[in-house]
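**Q**
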Amino acid sequence: MSNLKQALLQLANPERAAQMARYFKTGKGEYAEGDVFIGLSNPQVQALVKEYWKAINFLEIQELIDDKIHELRFAGLLVLVSKFHKSTEINRQEIVDFYLKNVKQINNWDLVDCSCYKILGKYLLDKDRQVLYDLASTGHLWSERIAVVSTLALIKNGEFSDIFRLSEKFLLHPHDLMHKACGWMLREVGKQDELALEEFLDEHIHKMPRTMLRYAIERMEGKKRLGYLKQ
């Protein structure tokens, strides 16, 4: 057992764990059915990862990511993010391959959102983006969310075509977690180029789920936002 894992387990808080299990929808039939929490806050996990990440190898990261405990998987992904940021191009390929190999363990929205754009998204800045469309075509909720949220790195680089294609693909997706993810990324487009966002909305608003729309227009000026909501 790694020192990081021991340190995380020592901070277990059963009362908070019960609250987190409800918040992250772990009940029967919910999207995170059966996930196990020990009650750690994100700042607690982040502080320990900052202390230990340099000494952790890939076998220990794998152990964390394979763990049934949610916060340990979260910690493993944060370690991977730290290693990616400090790595060479050759090592980044290895880290991305490792990340994609473990997609099934990245199985809640916070695990996706804390890692995918910081690893896969940044890696794809100067590369072919086909992997996003492969993930988006799996029919697997978390792979689909990884595809969408990974575009945040591209959006921040002024590249919007991939999120527009993916958002169009997911207009009829049955799960609101995908509507929220697409809406969030579209809102990020609006921060960079509100006209580009408006053009996308004008073309697709009548098919767009209301949740996706509300997320996308959240930062718009009040009158303009209300105009979209009335359509």
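To convert, note that position 76 of the sequence shown is 103 in this note's numbering; the numbers rise steadily by one, no gaps. Glycine included, each C-beta is placed from N, C-alpha and C at the ideal position. Here the structure is a predicted model, which is why all the values come from computation and not from measurement.
Give every residue of the same chain whose Cβ lies closer than 8 Å to the Cβ of D189, excluding the five residues on either side of it in the sequence, and list them in chain order.
**A** R156, L159, T178 and L181
**Q** By DSSP, does I244 sit in helix, in strand, or in coil?
**A** coil
**Q** Could you tell me how far apart the beta carbons of K154 and L91 are, in whole angstroms, since I believe they sit closer than 8 Å?
**A** Distance from K154 to L91 at the Cβ level is roughly 27 Å; contact not present, criterion being Cβ atoms closer than 8 Å.
**Q** Pull up the DSSP beta-bridge partners for I232, would you.
**A** Answer by DSSP bridge pairing: none, since I232 is not bridged.
**Q** What separation, rounded to the nearest whole angstrom, lies between the Cα atoms of E60 and Y50?
**A** C-alpha of E60 to C-alpha of Y50: approximately 12 Å in a straight line.
**Q** Check for me: the alpha helix (DSSP H) holding V176 runs from which residue to which?
**A** Counting along the chain, V176 sits inside the alpha helix (DSSP H) bounded by residues L168 to V176.
**Q** In angstroms, rounded to a whole number, what distance separates the CA positions of K289 and T115?
**A** Outside the shown range of the chain (28 to 258) lies residue 289, about which nothing can therefore be said.
**Q** For I117, which of helix, strand or coil comes out of DSSP?
**A** helix
**Q** Mind checking which residues open and close the alpha helix (DSSP H) that includes N30?
**A** Residues N30 to Q37.
**Q** Mind listing, in chain order, the continuous alpha helix (DSSP H) runs of no fewer than 4 residues lying wholly within the region 185-228?
**A** 188-196 and 203-219
**Q** Going by DSSP, what residue range makes up the alpha helix (DSSP H) through D62?
**A** Per DSSP, D62 belongs to no alpha helix (DSSP H) and is neither H nor E.
**Q** Relative to the C-alpha of K145, which residue among K131, D203 and Y126 is closest?
**A** When each option's Cα is compared against that of K145, the closest is Y126.
**Q** Take the Cβ of S164 as the centre, count every other Cβ of all protein chains shown within 10 Å, and call the residue buried at 16 or more, exposed below.
**A** The residue in question, S164, is exposed, as its Cβ has fewer than 16 Cβ neighbours within 10 Å.
**Q** Excluding the 5 residues flanking H202 on each side, which residues of the same chain have their C-beta closer than 7 Å to its C-beta?
**A** L168
**Q** Can you tell me whether F85 is buried or exposed, with buried defined as 16 or more other CB within 10 angstroms of its CB?
**A** exposed
**Q** Going by C-alpha to C-alpha distance, which of G185, L104 and S170 sits closest to F197?
**A** F197 has its Cα closest to that of S170, out of G185, L104 and S170.
**Q** With C-beta atoms as the reference, is G210 less than 9 Å away from R241?
**A** In this structure, the beta-carbon distance from G210 to R241 falls below 9 Å.
**Q** What are the start and end residues of the alpha helix (DSSP H) that includes N69?
**A** Segment N69 to Y79, the alpha helix (DSSP H) holding N69.
**Q** Out of G66, I117, T238 and G103, state which residue places its alpha-carbon closest to the alpha-carbon of A208.
**A** T238
**Q** Please confirm whether V106 and W80 have their CB atoms less than 9 Å apart.
**A** yes
**Q** How far does the alpha helix (DSSP H) with S142 in it reach, from first residue to last?
**A** Following the DSSP letters along the chain, one finds S142 in no alpha helix (DSSP H), marked with neither H nor E.
**Q** Given that a residue counts as buried once 16 or more other Cβ atoms are within 10 Å of its Cβ, and exposed if not, what is L256?
**A** exposed
**Q** Out of R246, F191, L213 and N134, which one is the CA nearest neighbour of I96?
**A** I96 has its Cα closest to that of N134, out of R246, F191, L213 and N134.
**Q** Have a look at the DSSP bridge pairing and note the partners of I96.
**A** V63
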